[in-house]
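Structure record follows, encoded as C-alpha cells.
Numbering (mature numbering (1 follows the signal peptide of the UniProt record, and there is no 0)), first residue to last: -24 to -1, 1 to 309.
Next comes the structure, spelled out in C-alpha cells:
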C-alpha cells in the first residue's frame, strides 16, 4: 500500500510540473489596479518568461517534497514524526506553502486570461491566500521559539512542546494569520456599496483598496508583524548564544547546531518579512511606469515568496539527520 503511495506522491509532483510548464508558455503578466481599472499587461518579456520557468521549478520541488512529507507522516514506520513538534510545524509550513502556490498559480492564469469572477468569491479567495501567506512567517517564528525552549529550557521542552501543545499552537498560528485579512476585509465591507458584491471583476488585492487610507492600514499591519517577528528572532538568538558560550563538549556542539538553525530561520524569515515591505516598493514603481510596476511586482513575488519557500525543504530535508535518513530510505525503496 505504502509503496504505491510513494509512486503516487512522485507522479503527482511530476504531472503538476508538466502542466505548469505547458500552461506558462502562453501566459502574460496582467494586473488590474483598483477602482480606476488600470490594466497592466506585459507579454513577450524574456525576463518574465525566465522567471516563470524558475517559478514552475520551485513549485515542482516544493510539491514533490510535500508529497514525501505527507507519506512520512502517514507511514507507520515513521510515527515519530507525528509526535515531534519540529516536524509537525515543518509539515504545516510545507503544506501551507503548497496550498498557497496552487492558489496563486490559478489566480495568475485567471488574471492573465482576464477571467472575471464574482466579488464575493474573490473575497473568499483573498481571505484564504492572505491567511496562508502569513502562516509561513508565523510558523517560522514558532519553530524558532521551539528551538529556544529545546536549548534554553530542556527540562520543560517535553511539556511545552508536546503533540497536544503543538496542535494548539497550529490553531493559534492560523488565528493570528487571519488578523490581516480580517482587518482589510472589515474596512472594505464598511466602505463598499452593496452593488459591488454583485459585480464580476478580475480578482486582485487592489479591488479591496478603495481609499488611500486602506493601503496605509495594510502597510501598518505588515510593519507591526515585521517588528514582532524581528523581536522573536533577536530574542531567541541572544538567549541561545548565551547558552552556547556557557556550554562545553557535546552540549556545545548541539547548541551551536541549534544556533545555526535559528540563523537559517532568520534568513528565511527575512525573505518572508521583506515581502511585507513590497507594497511600498510597488507603489514607488507605479508612480514611474506601469510596465515597470508589473515587472517589479512579479519579481517581488518570485524572490520573496517563492525563494523563501524553496529553502524550507533544504533546511530540514538536508540538515536534519533524522529527516535526511528517512528521505534517503524513501528514495532508495
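Ideal Cβ placement from N, Cα and C applies to all residues, glycine included.
Treat the numbers as computed from the prediction; the structure is a model and nothing was measured.
Residue i, buried or exposed, once every other Cβ within 10 Å from all chains shown has been counted against 16
i           : result
residue 299 : buried
residue 198 : buried
residue 171 : exposed
residue 141 : exposed
residue 156 : buried
residue 124 : buried
residue 169 : exposed
residue 132 : exposed
residue 249 : buried
residue 187 : exposed
residue 97  : exposed
residue 176 : exposed
residue 211 : exposed
residue 135 : exposed
residue 207 : exposed
residue 89  : exposed
residue 102 : buried
residue 64  : buried
residue 143 : exposed
Per-residue DSSP class, three states only, for residue i
i           : result
residue 92  : coil
residue 60  : coil
residue 265 : coil
residue 205 : helix
residue 246 : helix
residue 235 : helix
residue 374 : In this structure the chain extends from -24 to 309, so residue 374 is not present and cannot be described.
residue 187 : coil
residue 19  : Note that residue 19 scores a pLDDT of 37, beneath 50, so its modelled location is shaky and nothing firm can be said.
Opposing strand residues paired with residue i [DSSP bridges]
i           : result
residue 69  : DSSP, once it has assigned bridges, lists no residue as partnering residue 69.
residue 176 : 94
Whole-Å CB distance - residue i paired with residue j, under 8 Å assumed
i           : j           : result
residue 107 : residue 159 : Their Cβ separation, rounded to whole angstroms, is 12 Å, which puts residue 107 and residue 159 out of contact at 8 Å.
residue 112 : residue 72  : 6 Å
residue 258 : residue 269 : 6 Å
residue 116 : residue 244 : 6 Å
residue 68  : residue 146 : 6 Å
residue 280 : residue 235 : With 8 Å as the limit, residue 280 and residue 235 do not qualify as a contact, their Cβ atoms being about 25 Å apart.
residue 76  : residue 109 : 6 Å
residue 195 : residue 255 : 6 Å
residue 277 : residue 238 : With a Cβ gap of about 27 Å, residue 277 and residue 238 do not count as contacting.
residue 216 : residue 127 : 5 Å
residue 222 : residue 232 : Not confirmed; about 12 Å, so no contact.
residue 283 : residue 272 : About 16 Å; that fails the 8 Å criterion.
For the segment 122 to 171, list the alpha helix (DSSP H) runs that are entirely contained and at least 4 residues long, ordered along the chain. 130 to 136, 139 to 167
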